[in-house]
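Notes follow the structure.
In structure tokens, the structure reads:
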């Protein structure tokens, strides 16, 4: 070993290299393009049964579009049988309507180098979404504030393996509920130059998201391009509420992308069996995506499946379980047969701390998401305690692990260099490869490298305090936030965004529920 | 939720159910039979290139059989070109010799209900092997003793998802090195009734292992059946040392099984590229398995691949990395094309503590092992710090996670019950599934259930001390060891085993190196 390290020292200059190694990187990896197969857990017969049953659900049982007369009119006009708020969709109609949605689309970032292509063999990674609490080593668990929100946007911006700035990285509970979306969007737009998500909690907030995006990108650009991907949850089972659909209508009409996604705790919002859950998921996705296309044919959408299992003793959702894996793999197959981009998986865990439980569960889910052919992974880092908490430490721990997904997706090269026959000849039986020419030529890119985990000798690790992963991550969080430098932004745009936010806030009284 | 819990309380009796939930289980799950596909990362062209190159390595470069004239004679007789200790194996010869090894075999346990079938679509899980240190919450990191060894055998016996008692679950460093194998075998034979591994550190110790097995099973039974699977490591690159081969010769001659396995840190003992490493792994496995068949055609063997990546800064091995996954998946494909059982993956991690790093790395490796089609997974639980440490807490944490592999392997049922159409009809849009008949009928078996991880409400968890996974595992370790009851064993056999151990120990002076 020592030859290699000393050889490099002699040539390089140790201090510079050590600085390089500890410097926080602002580099962002390109979104993942898979060069590995998808894992397929359902055979053709199973797929056909589930697809047939999903159509039966839509036709016979139907779905509810609640408090949304315009939606009922659209469905009626499309040929559905509408009774009250219940929409019965004839077999085949929803699938036919889905066919106008693009198989893949570009979401533009204000830094064009960070545009993402959503669909096909690509995987775009975005951070945790929605927690009302945050946790870190010093402050423990507490309600999230706009300061926390900004910190998570900064961490996301600086995370090499994260392609997307996300949306509600935590709920800024110190800002009135009717004004939060303005501060959140402003943070994504100014503190990061990665693509972001819009607000969905009211149609008017979706409209504000579009308006702010037009300031950032220009009116024409937003009319002609997708600059937001927003999260539209279905109220499982089989219910589409007026507020979420109202936001979807705003985005679809503006040609902005939406993830249309059931949010299911299996056994509570869907049957307790995998095949039953997949049936319901498919029915819901078909109805939701079809509806987006009724609003505007060709609007970009992502078919989602947020599905987890349940602890039947406590009723608590459970994560990283085999049943969740089966559903994520199976839903991927069903969505690919629909020809749509697919959203699922994430850094899911039930643990209260960024500990071993959190990591087992998260690793299970991340690996399953990659092999399931997910195209957009929301919650890819930072999720804790069943989604109640955004964890600072877990954010950087998970973000580091996302590097492994990039490595896995590369697949296996078999060109002449990769075959390494000359190296095997050079080293021969009983030799070692550390100093050989092939190793020297390839070692910098051969292996994924962590920026969080510890591989030091035991004695060194002990001398440095015997820190666990969360403690190492805590150091990295502080360093990243201290080193943060915002991306450049045109001053006039910045002022216009500030003015828009100030004006909209002045128009509304504060609301906290 | 409350209906279900109260309904069950009213019917069941809460105290009994709570007792059932906290009782330590002595049940052992049947070995896994996969009902899911294997993940294949290499295409046909890549497989053929690697197979061709491996034969080139064997023919042109050759392998060393060190300090083993009998082996050289066997190779010469088989048609190899032997120069000094270097054996050049003509293209195709090793593969042909491998064809007499069985694709699958039964390893018998003294409790026939715990026999395991190694090969085909099966996966047998065995605990950590080899660490000189142990770690637990109270005692920290320390040299392992025979007391620790016995404790790990007890924990393995009581772990539901572990099918195999393993071998050197830790090194009992307080017993002379030339006598350890006797105490270790005695522990496996008396404290557990699961299948076990034999000693490989000297041919005479392999012979002792066979002799003790004959006492336990009877002479005739051992002659006619496989009752041990032992670990024969290859000295990569391309070297087969006399001691390990001597042990292999003893086992093959006695029709006992051997795992023939390169032990490779990529970039050190093999090329830094995945395809190059796979080439060397295949060449080594071909030569080793072929040699076992030269000793006794038809002897049961498992083709192994212990391969991990390296941190090129420190030279430390790294675990749960993408490169290790590629190799594990690829080697699985190559071994299946040889028609042999496959050993790889495990609870690998570089972390010093049973923390998040340990769990990310372990989960990555376990999931990869399952999807790679591994048939025998050594180190499936308890491995810590790059294999230097057997961790009490991680043993039970990992053993719990092994339950997820069982769940994943089941695949997805699509029978009428699984389709759950009546449940979807019964609940309908906006309802919930917790109380419905289908949920009631299926919830007990629908979801994998942890015995370690925490899914309690935050407030309860906090009141109970806000414990992390390692602390919860520590409680479970103590409870398991306190609850341990040895399996019944015929008194005469027990006395004969004790007498054999005493006699062999008396014959030898103590040796500590």
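Chains as they are written, first to last, in the numbering used here: chain A, 93 to 605; chain B, 93 to 605.
No residue lacks a Cβ here, since even glycine has one placed at the ideal position from N, Cα and C.
These numbers come from a predicted model, not from an experiment.
- Secondary structure at residue 525 of chain A: coil, using DSSP grouped into helix, strand and coil.
- The beta carbons of residue 364 of chain A and residue 534 of chain B sit about 5 Å from each other, so the pair counts as a contact at 8 Å.
- In the DSSP assignment, no residue is bridged to residue 128 of chain B.
- Residue 321 of chain A: member of the beta strand (DSSP E) spanning 321-326, first to last residue.
- The DSSP-derived three-state label of residue 358 of chain B is strand.
- Residue B/331 holds the alpha-carbon nearest to the alpha-carbon of residue 519 of chain A among B/231, B/296, B/132 and B/331.
- Think of a sphere of 8 Å around the beta carbon of residue 517 of chain A: the chain B residues whose beta carbon falls inside it are 152 and 153, in chain order.
- Against chain A, the CB of residue 259 of chain B has no partner CB under 8 Å away; the residue lies outside that interface.
- Residue nearest to residue 503 of chain B within the set B/539, B/186, B/479 and B/527 is B/539 (criterion: CA-CA distance).
- Within chain A, the residues whose beta carbon sits less than 7 Å from that of residue 547 of chain B are 403, 406, 408, 410 and 442, listed in sequence order.
- Within the model, the alpha-carbon separation for residue 245 of chain B versus residue 279 of chain B is close to 7 Å.
- Any Cβ of chain A closer than 8 Å to the Cβ of residue 239 of chain B would place that residue at the interface, and such an atom is absent.
- When DSSP states are grouped into helix, strand and coil, residue 149 of chain B belongs to the helix group.
- Restricted to the segment 421-478 of chain B, the alpha helix (DSSP H) segments that are unbroken, complete and at least 4 residues in length are 448-463, listed in chain order.
- When the five nearest sequence neighbours on each side are left out, the beta carbons in the same chain lying within less than 6 Å of the beta carbon of residue 531 of chain B are those of 525, in order along the chain.
- In the DSSP assignment, residue 241 of chain B falls within the alpha helix (DSSP H) that extends over 238-250.
- Here the alpha carbons of residue 286 of chain A and residue 473 of chain B stand approximately 40 Å from one another.
- Taking C-alpha positions only, residue 328 of chain B is separated from residue 273 of chain A by approximately 59 Å.
- The C-beta distance from residue 333 of chain A to residue 158 of chain A rounds to 5 Å, short enough to meet the 8 Å contact threshold.
- Closest in C-alpha terms to residue 436 of chain B, from the list B/397, B/185, B/560 and B/411, comes B/397.
- As the crow flies, the alpha-carbon of residue 450 of chain A is around 9 Å from that of residue 447 of chain B.
- The Cβ atoms of residue 463 of chain B and residue 413 of chain A lie no closer than 8 Å to each other.
- Exposure of residue 125 of chain B is indicated by the presence of fewer than 16 other C-beta atoms within 10 angstroms of its C-beta.
- In the DSSP annotation of this structure, the continuous segment of the beta strand (DSSP E) that includes residue 196 of chain A starts and ends at 196-199.
- Any Cβ of chain B closer than 8 Å to the Cβ of residue 214 of chain A would place that residue at the interface, and such an atom is absent.
- At a cut-off of 8 Å between C-beta atoms, residue 352 of chain B does not count as an interface residue with respect to chain A.
- With fewer than 16 neighbouring CB atoms inside 10 Å of its own CB, residue 144 of chain B falls in the exposed class.
- Taking C-beta separations shorter than 6 Å and ignoring five residues to either side along the sequence, the partners of residue 173 of chain A in its chain run 180, following chain order.
- Counting C-beta atoms within 10 angstroms of its own C-beta, residue 536 of chain B has fewer than 16 neighbours from the protein chains shown and is therefore classed as exposed.
- The DSSP assignment places 225-228 and 232-235 as complete runs of the beta strand (DSSP E) inside the segment 221-308 of chain A, in order along the chain (cut-off: 3 residues).
- In the structure shown, the three-state DSSP call for residue 175 of chain A is strand.
- Interface with chain B (8 Å Cβ-Cβ cutoff): residue 163 of chain A is excluded.
- Straight-line spacing of the CA atoms in residue 452 of chain A and residue 452 of chain B works out to 6 Å.
- Pairing residue 475 of chain B with residue 481 of chain B, the inter-Cα distance amounts to about 6 Å.
- Runs of the alpha helix (DSSP H) lying entirely within the segment 488-545 of chain B, each at least 4 residues long, are 508-511, 513-519 and 529-538 in chain order.
- Residue-level contact check: residue 425 of chain A does not touch chain B, since none of the beta carbons of chain B fall below 8 Å from its beta carbon.
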